[in-house]
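Here the structure comes first, spelled out in structure tokens, and everything after it is commentary.
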Amino acid sequence: MEVDPRLYEQISVNDNDIHNIVMSYLVHNCFKETVESFIACTGMKQPSDHLEDMEKRKRIYQFALEGNALKAIELTEELAANLLEKNKDLHFDLLSLHFVELVCSRKCTEALEFAQMKLTPFGKEQKYVEKLEDFMALLAYEEPEKSPMFHLLSLEYRQHVADSLNRAILAHANHPTYTAMERLIQQTTVVRQCLNQEHGKDGPPPFSLKDFLRS
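Structure (structure tokens):
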């Protein structure tokens, strides 16, 4: 049983609410130029300091994504003092990005020295031991890209760290860590799952965003 579109198609949605949802997504992902165009088209008001903060986050995100973790750390400490000191997991992940860049550049001696100075101290906590072993194992391979830990060298891993850093900076500034659009999709998915469980085989099918967008 699919939810009858007639049950919700007549519900009016305020344009300002839609604009705010779109704006939330654009600001979260640091699409500054698009934000400025969107503001000009809709007449929305956005504080200038919000745009400045977005530009700083964008630079930090890009540095992390490119593997320039030391620059990302430097700018993060300028924008959000003590954030990395309080978030050791994130700090470790950023330092590990720099280690990986050294390994990929075949600077093994420099990578080992960096690991001993910056990463090894994390080994005092058990939760970092396995991660440390995985990263250090990269040094044993002439072609680390072909090692069992090749995923640590991937763009996906850098993007994961960059996304985590962006969310942490937003949280530090008391901003939502997820966009309104993401939260709406999450909530809709949960509601549909609950309906499906409540009504069993007679209930609506599991929610599929892809199918919903095609409907």
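Residue numbering for the sequence shown follows my numbering, starting at 27 and increasing by one per position. Where is the CB? At the ideal position from N, CA and C, for every residue including glycine. Please read these numbers as outputs of a predicted model, since none were measured by experiment.
CB contact flag (residue i, residue j, <8 angstroms)
i: Ala-206; j: Asn-46; result: yes
i: Ala-194; j: Leu-91; result: no
i: Asp-79; j: Ala-199; result: yes
i: Val-126; j: Gly-93; result: yes
i: Leu-179; j: Glu-168; result: no
i: Lys-58; j: Lys-84; result: yes
i: Leu-109; j: Arg-184; result: no
i: Leu-52; j: Lys-82; result: no
i: Leu-158; j: Leu-138; result: no
i: Leu-191; j: Ile-86; result: yes
i: Phe-64; j: Val-39; result: no
Assigned secondary structure, residue i (DSSP; H/G/I helix, E/B strand, else coil)
i: Asp-237; result: helix
i: Met-70; result: coil
i: Ser-50; result: helix
i: Cys-56; result: coil
i: Gly-93; result: coil
i: Val-126; result: helix
i: Lys-144; result: helix
i: Glu-224; result: helix
i: Asn-108; result: coil
i: Asn-42; result: helix
i: Gln-36; result: coil
i: Glu-103; result: helix
i: Glu-81; result: helix
i: Glu-151; result: coil
i: Arg-132; result: coil
Residue i Cβ short of 7 angstroms to the ligand FAD heavy atom set
i: Gln-142; result: For the ligand FAD, the structure offers nothing, since it holds no ligand at all.
Selection from the options that minimises the alpha carbon distance to residue i
i: Leu-210; options: Leu-235, Gln-223, Leu-191, Asn-192; result: Leu-235
i: Asp-160; options: Ala-66, Cys-67, Asp-119; result: Asp-119
i: Arg-132; options: Leu-164, Ile-65, Lys-71, Leu-221; result: Leu-164
i: Ser-50; options: Lys-112, Ala-66, His-76, Glu-136; result: His-76
i: Cys-56; options: Gln-88, Phe-238, Arg-240; result: Gln-88
i: Lys-114; options: Ile-86, Cys-134, Arg-218, Glu-151; result: Glu-151
i: Arg-218; options: Phe-238, Thr-203, Tyr-204, His-201; result: Phe-238
Beta-carbon separation (whole angstroms), residue i vs residue j, contact threshold 8 angstroms
i: Leu-116; j: Ala-95; result: That belief does not hold up - the Cβ atoms of Leu-116 and Ala-95 are roughly 11 angstroms apart, past 8 angstroms.
i: Ala-141; j: Met-175; result: That pair is no contact at about 14 angstroms.
(request) Jot down the residue ranges of each uninterrupted alpha helix (DSSP H) in the segment 154 to 210, minimum 4 residues, whole runs only, in chain order. (result) 181 to 198
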